[in-house]
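In this note's numbering, the protein residues as written are 111 to 552.
Worksheet for the structure shown next.
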Ligand code: ADP
């Protein structure tokens with residue numbers, strides 16, 4: 111302030127002095143006025159430079175000025191720099207935040223108070239078939255064209271999720287999304303979408319499974335209850351009575367087999383993956399399968415040509431009881447489904463690369479291609495009555511698939527209606543060891 115006053119006085123003094131020297135009293139007045147105008151113009155010029163710098167967005171360094179304008183520029187420059195730094199930081203934080211949401215496995219969409227998309231991550235884009243750039247400002251209801259989502263959005267009660275079918279979802283490849291809207295800010299909505307296809311399918315499978323088990327148990331139970339009632343109410347001759355008891359025993363046996371298969375399945379699902387710790391020789395495993403095959407054929411009163419090729423001198427690594435159950439399930443299926451007079455050939459061989467193939471070939475009815483992918487589903491049967499007649503539970507191949515998967519192998523099915531079937535289990539080389547290798551290892 112003092113400096114400005116000094117300069118003003120200096121200009122006035124210089125103007126007045128020069129005026130007096132040139133024109134005495136009148137000259138002094140004019141000189142003073144000229145000094146004041148000059149000072150004003152210089153000051154205005156300095157102010158204009160500052161204003162120009164500000165108008166250009168203060169992108170360049172501030173004009174180097176002394177005094178009051180200089181200090182004002184300095185302070186403005188520092189304040190602007192600070193603001194720019196803060197804005198940059200905020201931008202970086204926002205970008206980090208958005209890239210974190212971008213990585214989210216769930217779909218995230220931000221909606222403005224009118225329900226228009228303000229931002230969406232790529233997951234949401236893929237889930238709803240929207241383009242996170244192109245579809246900005248589009249109304250969400252126009253993009254998610256699901257009647258139950260529309261009703262959910264209009265009802266404005268967002269306490270629970272709404273499950274919608276994703277676009278492109280079909281009966282063969284269903285895709286379900288659980289969507290929830292969360293209000294935030296002033297009327298804005300955060301939309302979260304989770305892929306619940308697997309959960310929904312598991313739930314559907316659980317319901318089907320419970321219904322199937324109940325049905326499978328109810329049938330023999332109803333038969334049993336009927337026989338009990340007959341025996342209780344009628345005086346039957348001993349022969350008839352024995353026949354009834356025999357049929358009751360059959361039904362009880364059927365339930366026992368079912369429960370035992372169910373327990374096997376649940377054990378397989380619940381227990382940890384088996385290591386290749388125990389090495390079981392193929393010889394005794396196949397011998398037991400052969401014994402069982404003869405027993406099943408005899409029980410069904412069938413005369414089949416059963417051929418078991420001598421197994422290679424090898425051992426398989428894993429849980430022996432599981433492997434036996436998988437092998438014997440395939441053999442007993444072949445025996446059960448092959449009509450009288452047919453043949454069943456069982457062969458185990460070590461393939462190139464050290465894998466083991468256990469193949470069961472039969473001359474039975476074969477299976478049409480459309481059924482093949484579903485054979486390993488629980489309770490899936492091509493011919494329900496034939497399965498029941500021969501004591502099937504509909505769980506055999508499901509057990510086989512589980513055992514094989516747990517041992518890192520594959521179940522391969524080749525079959526054509528009228529041309530028989532080949533069911534083969536392939537175990538990886540890591541699960542196979544030749545007797546010679548076992549002997550060398552001691
Ligand atoms: P099931 O107890 O009914 O035999 P599985 O799970 O073992 O149940 O087999 C499922 C279905 O696959 C059977 O119901 C049958 O229709 C078909 N299947 C299995 N093995 C054979 C085979 N060797 N020949 C023809 N069909 C078979």
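Virtual Cβ for every residue (Gly too), placed ideally from N, Cα, C.
Asked, Found
"Cβ neighbour criterion (16 or more within 10 Å) applied to residue 176", "exposed"
"Cβ-based burial, residue 421 [other Cβ within 10 Å; buried from 16]", "buried"
"Beta-ladder partner(s) of residue 130, from DSSP", "Residue 130 is not bridged to any residue."
"Chain-order list of residues whose beta-carbon lies under 7 Å from that of residue 251 (same chain, five-residue window excluded)", "225, 260 and 263"
"Nearest to residue 342 (by Cα), restricted to the options 331, 370 and 355", "355"
"Local conformation of residue 370 per DSSP, three classes", "helix"
"The stretch 118-129 touching the stretch 143-151, judged by at least three CB pairs closer than 8 Å", "yes"
"Residue span of the alpha helix (DSSP H) that contains residue 515, given as start and end", "506-516"
"Proximal residues to residue 163 (C-beta, below 8 Å), its chain only, five neighbours per side dropped", "170, 172, 173 and 183"
"Buried versus exposed call for residue 149 [16 or more other C-beta atoms within 10 Å across all chains shown]", "buried"
"Integer-rounded CB distance, given that residue 396 should sit under 8 Å from residue 407", "Contact flag wrong, Cβ pair sits at about 16 Å."
"Pick from 410, 190, 380 and 523 that is closest to residue 478, judged by C-alpha positions", "523"
"CB of residue 330 within 8 Å of CB of residue 311, strictly", "no"
"Range covered by the alpha helix (DSSP H) that runs through residue 301", "Unbroken run through residue 301 is the beta strand (DSSP E), 298-305; no alpha helix (DSSP H)."
"beta-carbon residue 476 near ligand 1 non-hydrogen atom, thresh 7 Å", "yes"
"CB contact below 8 Å: residue 193 versus chain D", "The structure shown contains no chain D, having only a single protein chain."
"Residue range of the beta strand (DSSP E) that includes residue 393", "Here residue 393 belongs to no beta strand (DSSP E); instead the alpha helix (DSSP H) covers 392-409."
"Distance between residue 516 and residue 109 (C-alpha atoms, nearest Å)", "The requested residue 109 is not part of the displayed model; the chain covers only 111 to 552."
"Residue span of the beta strand (DSSP E) that contains residue 220, given as start and end", "217-221"
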